[in-house]
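Here the structure comes first, spelled out in structure tokens, and everything after it is commentary.
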């Protein structure tokens, strides 16, 4: 089972912190949708055509710059090109594009979940971020979502911005939680290369907040969200009322399920996840809109090629692939450990043995015991490790330290001698 990601690379303007690929040439949206329809059908003629897809995600960029007709065309192309049984179809929404009619139209087309980029509800923070919406637009969008047909939607907040006070964070989180979004993502602002923010920091015009300020603001946000009934199931992800409101598409990334990304800069991971094939391939598509569209149209004739000519389709798929990376079992296992321990579920040692043919060594177990002693990991588990909330707060640093120790590669039959994760010991 796989996830499908469609990158819609258009934005009204550039946010100060964002390093995603985008274009402000909105006059090219129609041409892009034409090309994306072709690209979807091309990918459907490859090995992905026989892969069942369980989730679809319209990301960007700003997917809500698409008209309802655009969305309808792309959904139809996906349905024609792939085997689909979607549990979730998400579209990212910007507040400035929201309206009662647009939301109702998306729901009628089959979109099941929206992810709205609120980022902040403080006017001066929105100005710093160079967002296209203001506070009034954000609040109006939230009111529209509450009244919309969507039972599942998410709102994003960015915390620890330069100039953002603890009072700003508390006001943002309380105000947003009052609208009772089924899901909230609360991210710490990251300084990314080749962004307006990075240039300003390099010139000394802006100073990023100190680490203790970042930690205090994030902890305050988490505390308020938990008081409002949100469950923290990943470092930055909070579901109201439980896991039924989690982001299914994102969870597939964390679970190391295969995913196909179509569109300029979109990333893909091909791995069948079997014991016999404990390796994977990852790549991204061309990171330039004009070049990407040219490759799509250059290969348009291949839609007439017989579907079962696998070698031919594999060859033209290579034209879209940049920075192709082959991941062996150990590299995959390290990624899985990193992603799994950022979630509330943690990682099973048996999964490492069964799926990746690796295991922890004594030095890893010593680290885990230290985590338990500091109340960073849950005690009383055999053959399983997961962080407490305190551990999730410092997960990146703890994992970086843990993964400096090489994993032990071994044969599958090692797994048979390991205790199963259902076994418990009394704490």
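Residue numbers (our numbering): 12 to 438.
All C-beta atoms, glycine included, are put in the ideal place defined by N, C-alpha and C.
Close beta carbons around residue i, own chain, < 6 Å, minus the five adjacent residues each side
| i | result |
| --- | --- |
| residue 440 | Since the first residue shown for the chain is 12 and the last is 438, residue 440 is missing from the structure and cannot be characterised. |
| residue 403 | 246 |
| residue 132 | 146, 149, 183 and 186 |
| residue 160 | 118 |
| residue 345 | 414 |
| residue 304 | 46 |
| residue 375 | 416 |
| residue 424 | A caution first: residue 424 carries a pLDDT of 44, below 50, which makes its placement in the model unreliable, though a value can still be read off. If we look at residue 424 and ignore the five residues flanking it on each side, it has no Cβ neighbours. |
| residue 122 | 100 and 102 |
| residue 239 | 188 |
| residue 97 | 67 |
| residue 93 | 55 and 64 |
Start and end residues, beta strand (DSSP E) containing residue i
| i | result |
| --- | --- |
| residue 127 | 124-130 |
| residue 442 | No statement about residue 442 is possible, as the shown extent of the chain runs from 12 to 438 and does not include it. |
| residue 163 | 163-170 |
| residue 291 | 291-295 |
| residue 270 | 270-273 |
| residue 333 | 333-338 |
| residue 262 | Segment 259-265 is the alpha helix (DSSP H) holding residue 262; no beta strand (DSSP E) there. |
| residue 281 | 278-281 |
Range covered by the alpha helix (DSSP H) that runs through residue i
| i | result |
| --- | --- |
| residue 51 | 40-55 |
| residue 138 | 134-140 |
| residue 302 | 300-309 |
| residue 153 | 146-158 |
Neighbourhood of residue i by C-beta, 8 Å cutoff - its chain only, sequence neighbours within 5 removed
| i | result |
| --- | --- |
| residue 84 | 44 and 48 |
| residue 317 | Since pLDDT at residue 317 reaches only 47, below the 50 mark, its modelled position is unreliable, and the value read off the structure follows with that caveat. If we look at residue 317 and ignore the five residues flanking it on each side, it has no Cβ neighbours. |
| residue 80 | none |
| residue 236 | 184, 188, 195, 197, 243 and 249 |
| residue 168 | 129, 130, 131, 183, 184, 187, 195, 196, 197, 198 and 232 |
Nonlocal neighbours in the same chain, by C-beta distance under 7 Å from residue i, ignoring five residues either side
| i | result |
| --- | --- |
| residue 244 | 250, 254, 257, 354 and 355 |
| residue 277 | 16, 18, 295 and 296 |
| residue 206 | 27, 28, 29 and 30 |
| residue 377 | none |
| residue 142 | 26 and 130 |
| residue 111 | 155 |
| residue 136 | 172, 175 and 179 |
| residue 331 | 296, 297 and 306 |
| residue 363 | 344, 369 and 370 |
| residue 252 | 240 |
For residue i: DSSP bridge partner residues
| i | result |
| --- | --- |
| residue 369 | 420 |
| residue 176 | According to DSSP, which records beta bridges pairwise, residue 176 is partnered with nothing at all. |
| residue 354 | 245 |
| residue 359 | 395 |
| residue 34 | 21 |
Residue-level contact to chain B via CB, residue i, 8 Å cutoff
| i | result |
| --- | --- |
| residue 28 | Protein chains in the displayed structure number just one, and chain B is not present. |
The ligand NAP heavy atom lying under 7 Å from the CB of residue i
| i | result |
| --- | --- |
| residue 415 | The ligand NAP is not part of the structure shown, which contains no ligands of any sort. |
Complete runs of the beta strand (DSSP E) confined to the region 183-256 [at least 3 residues]: 194-199, 241-245 and 248-251
Minimum length 3: unbroken beta strand (DSSP E) runs contained in the region 48-114: Every unbroken stretch of the beta strand (DSSP E) spanning 3 or more residues and falling wholly within the region 48-114 is given here in chain order: 63-71 and 94-104.
Meets three-Cβ-pair contact criterion under 8 Å: the region 257-265 and the region 202-211: By the Cβ criterion, the region 257-265 is not in contact with the region 202-211, since fewer than three pairs of Cβ atoms, one from each stretch, lie closer than 8 Å.
The region 49-68 / the region 89-103 touching (three or more Cβ pairs under 8 Å): yes
Runs of alpha helix (DSSP H) wholly within the region 389-424 (minimum 4 residues, chain order): 400-404 and 406-413
Segment contact, 8 Å Cβ cut-off, at least three pairs: the region 264-283 with the region 384-391: no
Sufficient close CB pairs (3 or more, under 8 Å) joining the region 367-374 to the region 188-202: no
Validate contact between the region 267-275 and the region 212-227 using beta carbons, cut 8 Å, 3 pairs: no
Inter-stretch contact (C-beta, 8 Å, three-pair minimum) for the region 32-40 and the region 57-69: no
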